[in-house]
Amino acid sequence: MSKNARREAARQAARARQEQERRRQRRNRWFLQGGIGLAVIAVAVVVVVVVSNMNSSSGTTTAAGPKNMASDGITFTGESGKIVATPTDSLAPKATPSPAATSASDGAVVVTTYIDWSCPSCKAFEAQYSSELQSQVRDGSVVLDIHPIAILDRNYRNSRYSSRAANAAACVANTAPKDFLAVQTQFYDNQPEEGTDGLTDAKIKSLVKAGGVSSAKVADCIDSEKYGSWVTAATNRAVGNEALQNPATGSFGTPTVLIDGKVWDQKSSLTSAIAAAAK
């Protein structure tokens, strides 16, 4: 199948998903409040707004970042029906990350997410949209760019769980990028409640292993918090980026989702927003 044929097939699939979403919304119309759909409410209500959790004022890192995250995010595309991580060199100390992609040469819609593995609203977003997004990545209609950050240390009794979880994400991206999405699912499925001590490093390593990564190198990376400096810098870069602020609130929170470089305003479902961008 030619690239144009694949692109047209992806667009037809996007239109079909949009129509399916419209039918679902019509079925649920009895439960709408103020014209806003349940899917939008579910995400909007639980979005975590950042007040203060920056570990330093600097957006630079004193140590190298992980491989495959030169933009501070790990990017996934579809190849022959499979999800493939895009390889990159590591970010050098004090270097500026590559700009995050806002378009794809083959016409795919670029969906960029800024997430915190300790964030309940990110877990809700994942539960609602991850299967759909991964299907779209496989069929080539979406490029998925995931930026793990740490904004919720204060919610876990000063155990720095949010930062340690983001470090684990970096460790996996560096060594086992093909398993990143499976590991992410493990962290959301086993997310500790806010107000607790979070998860121990031993438990973090067990979740990484459950996601398919048994590398001793990754375990050592978690124990030493190898990418701690990078996590702080990447988080500060995201929080300080005015382009990532929610237009409705004027602040940054997780999850923050961009579609072709523009912040999703949640006035429609993500399904509809992606379909509109694909036209």
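As numbered in our numbering, residues 768 to 1046 make up the sequence shown, in order.
Glycine included, every Cβ here is placed at the ideal spot set by N, Cα and C.
Classify Asn1062 as helix, strand or coil using the three-state DSSP reduction.
-> Not covered by the structure: residue 1062. The range shown for the chain is 768 to 1046.
Other residues of its chain near Thr942: CB distance less than 6 angstroms, five sequence neighbours each side excluded = Within the sequence shown, residue 942 is the residue found at index 175, counting from 1. Excluding sequence neighbours, Thr942 sits near Ser982, Lys984, Val985.
Evaluate Arg924 with the Cβ neighbour count: other Cβ atoms within 10 Å of its Cβ, from every protein chain shown; 16 or more gives buried, anything less gives exposed.
-> On the sequence shown, residue 924 is found 157 positions in, with the first residue counted as 1. Label assigned to Arg924: exposed.
Is the region 994 to 1008 close to the region 895 to 910, with three or more CB pairs under 8 angstroms?
-> no
Residue interval of the beta strand (DSSP E) (run including Lys849) = Position 82 of the sequence shown holds residue 849. Unbroken beta strand (DSSP E) run through Lys849: 849 to 852.
Ile916 - DSSP class collapsed to helix/strand/coil = Numbered from 1 along the sequence shown, position 149 holds the residue referred to as residue 916. Here Ile916 sits in coil by DSSP.
Between Asn835 and the ligand SAH, is the CB less than 7 angstroms from at least one heavy atom?
-> You won't find the ligand SAH in this model; it holds no ligand whatsoever.
C-alpha distance - Gly965 paired with Asp883, whole-angstrom precision = By 1-based counting over the sequence shown, the position of residue 965 is 198. By 1-based counting over the sequence shown, the position of residue 883 is 116. The alpha-carbon atoms of Gly965 and Asp883 are separated by roughly 13 angstroms.
Leaving aside the five residues before and after Asp839 along the sequence, list all residues of the same chain whose C-beta is less than 7 angstroms from its C-beta, in chain order.
-> Within the sequence shown, the letter at position 72 stands for residue 839. Taken in chain order, the residues that qualify are Pro864, His914, Ala1001, Arg1004.
What are the residues that DSSP puts in a beta bridge with Ile841?
-> As a first step, residue 841 must be located in the sequence shown, where it is residue number 74. Ile841 is bridged to Ile913.
Give the DSSP bridge partners of Ile1041, in chain order.
-> Translated into the one-based positions of the sequence shown, residue 1041 becomes position 274. Ile1041 pairs with nothing; no bridge assigned.
Apply the 10 Å Cβ neighbour rule to Lys890 and answer buried if 16 or more other Cβ atoms are within range, or exposed otherwise.
-> Translated into positions along the sequence shown, residue 890 becomes position 123. Buried: at least 16 other Cβ atoms inside 10 Å.
Going straight from the alpha carbon of Ala852 to that of Asp873, what length do you get?
-> Counted from its first residue, the sequence shown places residue 852 at position 85. Counted from its first residue, the sequence shown places residue 873 at position 106. Going by the C-alpha atoms only, they are around 17 angstroms apart.
Coil, strand or helix - Tyr923 by DSSP = In the sequence shown, residue 923 corresponds to position 156, counting from 1. Reduced to three states, the DSSP call for Tyr923 is coil.
Looking at C-alpha atoms only, which residue of Gly962, Glu961, Glu960, Asp987 is the closest neighbour of Ser973?
-> As a first step, residue 973 is located in the sequence shown; it is residue number 206 there, counting from the start. The shortest C-alpha separation from Ser973 is found at Asp987.
Give the secondary structure of Thr1021 by DSSP, where H, G and I count as helix, E and B as strand, and everything else as coil.
-> On the sequence shown, residue 1021 is found 254 positions in, with the first residue counted as 1. In the structure shown, Thr1021 sits in a strand (DSSP, three-state: E or B).
C-alpha gap between Lys834 and Val877, whole angstroms = Locating residue 834 in the sequence shown gives position 67, where the first residue counts as 1. Locating residue 877 in the sequence shown gives position 110, where the first residue counts as 1. The straight-line gap from Cα to Cα measures roughly 21 angstroms.
Counterpart residues of Val1030 in DSSP-defined beta bridges | Numbered from its first residue, the sequence shown carries residue 1030 at position 263. Partner(s): Leu1025.
Tell me the DSSP bridge mates of Ile882?
-> Counted from its first residue, the sequence shown places residue 882 at position 115. Bridge partners of Ile882: Pro915.
Collapsed DSSP secondary structure at Val980 in the structure displayed | Taking the sequence shown and counting its residues from 1, the one referred to as residue 980 is at position 213. If DSSP states are grouped into helix, strand and coil, Val980 belongs with coil.
For the alpha helix (DSSP H) that contains Lys890, what are its first and last residues?
-> Here residue 890 corresponds to residue number 123 of the sequence shown, with the count starting at 1. That run of the alpha helix (DSSP H) goes 887 to 905.
Taking the alpha carbon of Val1024 as the point to measure from, which residue in Asn934, Thr880, Thr1016 has its own alpha carbon closest?
-> As a working note, residue 1024 is residue 257 in the sequence shown. Cα-wise, what sits closest to Val1024 is Thr880.
Closest to Val904 by CA distance: which of Phe843, Pro854, Leu919, Ala936 is it?
-> As a first step, residue 904 is located in the sequence shown; it is residue number 137 there, counting from the start. It is Phe843 whose Cα lies nearest to the Cα of Val904.
Over the uninterrupted alpha helix (DSSP H) stretch that includes Thr967, give me the two end residues.
-> The residue given as residue 967 occupies position 200 in the sequence shown. Element bounds for Thr967: n/a, residue is neither H nor E.
Skipping 5 residues on each side, what residues in its chain have a beta carbon closer than 7 angstroms to that of Val980?
-> Locating residue 980 in the sequence shown gives position 213, where the first residue counts as 1. Answer for Val980: Val939, Ala943, Asp946, Val950, listed in chain order.
Does the region 1018 to 1033 come close enough to the region 950 to 963 to have 3 or more Cβ pairs within less than 8 angstroms?
-> no
Between Ser930 and the rest of its own chain, which residues show a CB-CB distance below 6 angstroms, the 5 nearest in sequence each way excluded?
-> Along the sequence shown, read from residue 1 onward, the residue named residue 930 stands at position 163. Excluding residues within five positions, the ones whose Cβ falls inside 6 angstroms are Ala917, Asp920, Val998.
Alpha-carbon to alpha-carbon, Pro959 and Ala723 | The chain is shown from 768 up to 1046; residue 723 falls before or after that span and cannot be answered.
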